[in-house]
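According to full-length UniProt numbering, the sequence shown is numbered sequentially starting from 1.
For each residue, glycine too, the CB sits at the ideal point set by N, CA and C.
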Amino acid sequence: MMSRPFNRMPADRVGENNPSIWVELGALASENNAVNLGQGFPDGPAPKFVTDQLKKISKHPELTSAHQYTSGHGHPKLVNELSKWYSYLYQQQVNPKTNSLVTVGAYHALYYSFHAWINKGEEVIIIEPAFDCYGPQIKLAGGVPVSIVMNFPDGGTDASQFTVDFEKMESSITEKTKMIVINNPHNPTGKLFNRMELLKIADIAQKYDLIVVADEVYEFHCWGVNKMIRFASLPGMWNRTISIGSAGKVFSITGWKLGWAIGPDHLLAPLKAIHQKCTYACSTPTQLAVAMAFEKEWETFYFKPHKSYLGGYLPEELENKKKKLQKMLVKAGFSPILPQAGYFMLANYSNNNAGFKSSEETDELDDYSFTKWLCTEKKLAVIPFTAFFSKNEDKLKNTSFVRFCFFKKDKTLIDAKKIMKNLSK
Ligand SMILES: Cc1ncc(COP(=O)(O)O)c(C=O)c1O
């Protein structure tokens with residue numbers, strides 16, 4: 001029998017299937033063997049006190065609680081640690097049995113949040129520039145992302161100068177609006193929202209009965225005087241906030257892909273209902289190792305934070321690396337926007353005389369052309385800023401910036417410095 005040609009289309013909800021910026025530029029970076037300041041992950045050794053926990057677990061193959069399916073919403077030891085840490089950080093009792101859900105990275109927790117709460121046609125406010133999975137995930141759930149673009153002054157030099165127009169935010173709310181997504185500390189700008197800004201968002205959420213998804217994956221990545229205010233700790237906000245965290249970011253082990261959603265029972269129960277049908281439980285040894293790392297870190301973090309990994313080593317390391325990148329960017333003629341937190345820095349490349357010429361013959365955005373040119377010709381990988389905007393008109397206003405990740409080992413930063421030194425040659 002002649003085989004019949006396959007002629008079926010994927011489900012409409014899948015939408016377009018173009019490779020994401022991470023796939024496309026990741027491939028270009030490895031093809032060109034480029035120094036990679038693009039994607040956001042540390043390329044140095046993972047913290048030994050964290051990997052040691054996995055080593056301890058692997059020495060005990062007989063332990064069922066370490067190697068077999070664990071409790072669906074999270075390994076008992078991990079949910080206990082999350083409860084202890086977040087009860088302290090939010091100043092709010094976080095119940096280990098009901099107030100957390102462990103997921104495959106923060107991505108997965110975000111995906112569940114939209115799928116569990118957003119019906120077809122319901123609107124979700126996103127503050128742009130924004131981490132690029134929010135919009136597509138909301139659309140997959142049938143929702144409509146509504147973007148509020150932050151203002152930034154021409155010639156601005158500090159991430160705190162990115163500001164939200166709260167009147168505009170309020171006027172974009174309709175009877176279909178159900179949720180606001182905030183990302184603090186913010187990727188890609190490095191902005192750390194201050195109390196006044198967060199209270200404004202809290203007021204709006206209260207006034208219009210909105211759910212807040214607080215993506216706080218960089219919550220421990222604040223240095224110096226910059227203090228993280230967790231949204232769920234604001235008056236009245238625990239009850240309407242799903243907070244999203246990531247072990248990958250907390251312990252600088254992004255490849256472990258473990259995250260969580262924390263919130264009141266009424267907000268998390270629908271996420272758990274989906275999780276039970278779709279994933280059931282996440283990897284047990286990884287959860288246990290993360291729980292043990294949290295346990296090991298706790299006392300020092302609580303009593304002598306500056307001596308701990310999360311309260312001392314990590315922020316100091318980041319501040320140090322931020323300064324190094326800032327210096328080399330300025331020397332190379334870029335104009336950086338100084339981040340307050342996180343591990344990214346934006347920089348305007350348009351005055352650096354690196355030899356890049358934008359072409360009139362292509363309709364590609366300039367920052368994309370610059371990024372590709374920098375990667376293929378100069379062997380340095382970065383991310384174009386316009387990838388973080390959804391509307392063409394907003395992309396067109398923001399083509400002069402690229403995003404650098406500075407959480408890289410010294411060797412990578414030195415290699416990047418050499419490239420930057422020679423850029424105009
Ligand atoms: C703002 C933000 N949210 C979520 C994630 C995803 O985190 P995870 O790797 O835990 O899925 C990232 C990763 O870069 C991020 O920058």
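Anyone know if the C-beta pair for G333 and N348 falls short of 7 angstroms?
Walking along the sequence shown from the start, residue 333 turns up at place 333. Walking along the sequence shown from the start, residue 348 turns up at place 348. No. Outside cutoff.
Count the other CB atoms, across all protein chains shown, that sit within 10 Å of the CB of G385; report buried if there are 16 or more and exposed otherwise.
Mapped onto the sequence shown, residue 385 falls at position 385. Residue identity differs from the one stated: residue 385 is Phe in this sequence, not Gly. Looking at its Cβ environment, which holds 16 or more other Cβ atoms inside 10 Å, F385 is buried.
Quick one: complete alpha helix (DSSP H) runs, 4+ long, within the region 101 to 152?
105 to 117, 134 to 140
Inter-residue spacing [alpha-carbon to alpha-carbon] between K357 and P129:
Counted from its first residue, the sequence shown places residue 357 at position 357. Counted from its first residue, the sequence shown places residue 129 at position 129. Roughly 25 angstroms separates the two Cα atoms.
Given E167 as reference, the closest of D203, R240, V124, F407 once Cα atoms are compared
Position 167 of the sequence shown holds residue 167. Ranking D203, R240, V124, F407 by Cα distance to E167 puts D203 first.
If S87 and V94 are in contact, beta carbons under 8 angstroms, what's the gap, nearest whole angstrom?
For the purposes of this step, residue 87 is taken as the residue at position 87 of the sequence shown. For the purposes of this step, residue 94 is taken as the residue at position 94 of the sequence shown. About 5 angstroms; that satisfies the 8 angstroms criterion.
Should L89 be labelled buried (16 or more other beta-carbon atoms within 10 Å of its own) or exposed?
The residue given as residue 89 occupies position 89 in the sequence shown. Burial call: buried.
Please report the straight-line C-alpha distance between N392 and A214, rounded to a whole angstrom.
Taking the first residue of the sequence shown as 1, we reach residue 392 at position 392. Taking the first residue of the sequence shown as 1, we reach residue 214 at position 214. Cα-Cα distance, rounded: 26 angstroms.
Measuring alpha carbon to alpha carbon, tell me which residue in W260, D158, M345 is nearest N99.
Your numbering for residue 99 matches position 99 in the sequence shown. Looking at the Cα atoms, W260 is the closest of the given residues.
Should S252 be labelled buried (16 or more other beta-carbon atoms within 10 Å of its own) or exposed?
By 1-based counting over the sequence shown, the position of residue 252 is 252. Label assigned to S252: buried.
Three or more C-beta pairs under 8 angstroms: does that hold for the region 130 to 140 against the region 108 to 119?
yes
Measuring straight from C-alpha to C-alpha, what distance separates V290 and V50?
Locating residue 290 in the sequence shown gives position 290, where the first residue counts as 1. Locating residue 50 in the sequence shown gives position 50, where the first residue counts as 1. Rounded to the nearest angstrom, the two C-alpha atoms are 7 angstroms apart.
Please confirm whether any heavy atom of ligand 1 lies closer than 6 angstroms to the CB of V50.
To locate residue 50, count along the sequence shown from 1; it is residue 50. No.
Straight-line CA distance for H275 to L314?
Stepping through the sequence shown from its first residue, residue 275 is reached at position 275. Stepping through the sequence shown from its first residue, residue 314 is reached at position 314. Near 32 angstroms, if we compare the C-alpha coordinates of L314 and H275.
C-alpha gap between A66 and E81, whole angstroms:
Position 66 of the sequence shown holds residue 66. Position 81 of the sequence shown holds residue 81. So the two alpha carbons sit approximately 16 angstroms from each other.
Through-space distance from F370 to I38, alpha-carbon basis:
Position 38 of the sequence shown, counting from 1, holds the residue named residue 38. Position 370 of the sequence shown, counting from 1, holds the residue named residue 370. Before going on, a small fix: residue 38 reads as Gly here, not Ile. Going by the C-alpha atoms only, they are around 13 angstroms apart.
Verify the contact flag: N352, CB atom, against every heavy atom of ligand 1, threshold strictly below 6 angstroms.
Along the sequence shown, read from residue 1 onward, the residue named residue 352 stands at position 352. Result no, Cβ not under 6 angstroms from ligand 1.
Counting pairs of beta carbons, one from the region 329 to 344 and one from the region 172 to 188, are three or more of them closer than 8 angstroms?
yes
Examine ligand 1 and report whether any of its heavy atoms sits within less than 6 angstroms of the Cβ of D363.
Looking up residue 363 in the sequence shown gives position 363. Incorrect: D363 has no Cβ contact closer than 6 angstroms to ligand 1.
Given the structure, does E246 come close to ligand 1, in the sense that its CB is under 6 angstroms from one of the ligand's heavy atoms?
For this step, residue 246 is matched to residue 246 along the sequence shown. Per the sequence shown, the amino acid found at residue 246 is Ser instead of Glu. Indeed, a heavy atom of ligand 1 lies less than 6 angstroms from the Cβ.
Using 10 angstroms around the beta-carbon of F407, count the other beta-carbons present and answer buried if the total reaches 16, otherwise exposed.
Locating residue 407 in the sequence shown gives position 407, where the first residue counts as 1. Answer is buried; the Cβ neighbour count reaches 16.
Taking 6 angstroms as the cut-off, is the beta-carbon of F131 closer than that to any non-hydrogen atom of ligand 1?
Counting from one through the sequence shown, the residue named residue 131 turns up at place 131. The answer is yes for F131.
Beta-carbon proximity check, F220 vs L310, cutoff 7 angstroms:
Position 220 of the sequence shown, counted from the start, is the residue given in the question as residue 220. Position 310 of the sequence shown, counted from the start, is the residue given in the question as residue 310. Against a cut-off of 7 angstroms, the Cβ pair of L310 and F220 comes out as a contact.
How far does the beta strand (DSSP E) with W260 in it reach, from first residue to last?
Working through the sequence shown from its first residue, we reach residue 260 at position 260. Start and end: 259 to 262.
Shortest alpha-carbon distance to I229 belongs to which of N183, I127, K207, V146?
Walking along the sequence shown from the start, residue 229 turns up at place 229. The shortest C-alpha separation from I229 is found at N183.
Three-state class that DSSP yields for F334 in the structure shown:
Position 334 of the sequence shown, counted from the first residue, corresponds to residue 334. Coil.
What three-state label does DSSP hand P285 in the structure shown?
For the purposes of this step, residue 285 is taken as the residue at position 285 of the sequence shown. DSSP places P285 in helix when its eight states are reduced to three.
Name the one or two DSSP bridge partners that L346 has.
For the purposes of this step, residue 346 is taken as residue 346 along the sequence shown, with counting starting at 1. Bridge partners of L346: I337, R403.
Output the boundary residues of the alpha helix (DSSP H) element that contains K178.
Locating residue 178 in the sequence shown gives position 178, counting from the first residue. Note, K178: premise wrong, no alpha helix (DSSP H); beta strand (DSSP E) at 177 to 183.
Would the beta-carbon of N184 be found less than 6 angstroms away from any heavy atom of ligand 1?
If you number the sequence shown from 1, residue 184 lands on position 184. N184 Cβ: outside cutoff for every heavy atom of ligand 1.
Within 10 angstroms of its Cβ, does T284 collect 16 or more other Cβ (buried), or is it exposed?
Reading the sequence shown from its first residue, position 284 is the one you call residue 284. By the neighbour-count rule (16 or more Cβ atoms within 10 Å), T284 is buried.
Let me know if K294 comes out buried or exposed under the rule of 16 or more other beta-carbons within 10 Å of its beta-carbon.
To locate residue 294, count along the sequence shown from 1; it is residue 294. A small correction: the amino acid at residue 294 is Phe; Lys does not occupy that position in the sequence shown. Label assigned to F294: buried.
G263 versus K277, C282, S233, W256, residue with shortest Cα-Cα distance
On the sequence shown, position 263 is the one that residue 263 refers to. Residue S233 is the option with its Cα nearest to G263.
Per DSSP, T241 is paired with what?
Against the sequence shown, residue 241 aligns to sequence position 241. In DSSP, T241 forms a bridge with V212.
With the cut-off set at 7 angstroms, would you say A159 and K200 are in Cβ contact?
On the sequence shown, position 159 is the one that residue 159 refers to. On the sequence shown, position 200 is the one that residue 200 refers to. Contact flag unset, no.
Cβ atoms of L365 and K395: under 7 angstroms apart, would you say?
To locate residue 395, count along the sequence shown from 1; it is residue 395. To locate residue 365, count along the sequence shown from 1; it is residue 365. Yes, the Cβ-Cβ distance between K395 and L365 is below 7 angstroms.
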